[in-house]
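Take a look at the structure below.
Chains as they are written, first to last, in the numbering used here: chain A, 15 to 123; chain B, 342 to 458.
In C-alpha cells:
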C-alpha cells in the first residue's frame, strides 16, 4: 500500500467553479502536511501547508483530518491558471517527504 | 519562498558518460538537501538525502556508486550520474529544507532533465 494516495483525476472544472479533492495517508505518526503544485515539466512549488485547524489562502482552503488520515484541498472560483497537478505531500516520522502521485486539475473556459 | 537553483536545466549525453548536476540554496544555508527522480506521469521518488560534511543516505534500491552525492558546503550539493545509460533518463530534482521554518517545508530546484542516448 502506498504511503500517500490521491485520485489522479483529471478533474475537469469550468472556469469560476469550485473543485475539491482529497488525499489519504497511511502513517498515523506523520508530522506535517502540504499541498504542492506542479506544472508540466516543472518542479513542485509549495502551495500551502495544512494545519489541524484548517487554513485558507485566498481561493484555496486546506483541511486535515487526523482521525481519518486524510487531507483535502478546495479551490474556489477556479482560474485557467489553476490547471496543474496538485501533489499531496506528507512529512513522515523519519523526516522524509512522502509524495502522492498527484491530482490533475484542468480548468476549462 | 526560499530559492534553490539547479544546473544544468537539461543535458543530453551519450551512454557511458558521467553527468554532474549542481544544486544550490541561494538565500539560505541548507545542512540537508534531497535528491529526487521523477519519471513521466509518476510521482517524485526520493533517491538520497545529502548531508553537509558527511555521507549521503541512499534510499533502498538506489546504487550509491552510480549516483555519487557530494555536499561540500552549506549551499551546494552535487549529484553525479556515473556511466549513464538510457534507463537513467529522467527528471532529477533537488530540494532543500529551510532551517528557519519549523514546519519542514522543502523548496525545490527547477530540475534537470537528463536524456541519455
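Cβ atoms here follow ideal geometry from the backbone N, Cα and C, with glycine treated the same way. Keep in mind it's a predicted model, so treat the numbers as computed, not measured.
Check this for me: beta carbons of residue 38 (chain A) and residue 84 (chain A), under 8 Å apart or not? Yes, they are a contact pair.
Quick one: grab the DSSP three-state call for residue 460 (chain B). In this structure chain B extends from 342 to 458, so residue 460 (chain B) is not present and cannot be described.
DSSP state of residue 86 (chain A) mapped onto helix, strand, coil: In this structure, residue 86 (chain A) counts as strand in the three-state DSSP scheme.
Could you check where the beta strand (DSSP E) with residue 385 (chain B) kicks off and where it finishes? Following the DSSP letters along the chain, one finds residue 385 (chain B) in no beta strand (DSSP E), marked with neither H nor E.
Residues, ordered as in the chain, of the region 394-414 of chain B that lie near chain A by beta-carbon distance below 8 Å: Of all residues in the region 394-414 of chain B, none has a Cβ within less than 8 Å of some Cβ in chain A.
Compare the beta carbon distance of residue 420 (chain B) and residue 399 (chain B) with 8 Å and say whether it is the shorter of the two. With contacts defined by Cβ atoms closer than 8 Å, residue 420 (chain B) and residue 399 (chain B) do not form a contacting pair.
Nearest to residue 92 (chain A) (by Cα), restricted to the options A:77, A:67, A:40 and A:25: Among A:77, A:67, A:40 and A:25, the Cα nearest to that of residue 92 (chain A) belongs to A:25.
Taking only the alpha-carbon atoms, compute the straight-line gap between residue 20 (chain A) and residue 435 (chain B) and give it to the nearest angstrom. Taking the straight line from one Cα to the other gives about 23 Å.
C-alpha distance - residue 428 (chain B) paired with residue 57 (chain A), whole-angstrom precision: If you take the alpha carbons of residue 428 (chain B) and residue 57 (chain A), they lie about 21 Å apart.
What is the rounded straight-line gap between the Cα of residue 416 (chain B) and the Cα of residue 364 (chain B)? It is roughly 8 Å from the alpha-carbon of residue 416 (chain B) to the alpha-carbon of residue 364 (chain B).
Alpha carbon of residue 90 (chain A) to alpha carbon of residue 74 (chain A), nearest angstrom: Near 7 Å, if we compare the C-alpha coordinates of residue 74 (chain A) and residue 90 (chain A).
Give the single residue among A:72, A:81 and A:104 whose Cα lies nearest to the Cα of residue 96 (chain A). In terms of Cα proximity to residue 96 (chain A), the closest of A:72, A:81 and A:104 is A:72.
If we ignore side chains and look at the alpha-carbon of each, how far apart do residue 64 (chain A) and residue 47 (chain A) end up? Roughly 5 Å separates the two Cα atoms.
If we require 3 or more residues per run, which beta strand (DSSP E) segments fall completely within the region 404-442 of chain B? With a minimum length of 3 residues, the continuous beta strand (DSSP E) runs that stay inside the region 404-442 of chain B are 408-414, 417-422 and 431-438.
Verify whether the separation of the beta carbon atoms of residue 109 (chain A) and residue 52 (chain A) is less than 8 Å. No, the Cβ-Cβ distance between residue 109 (chain A) and residue 52 (chain A) is not below 8 Å.
Of all the CB atoms in chain A, is at least one closer than 8 Å to the CB of residue 445 (chain B)? So, interface residue.
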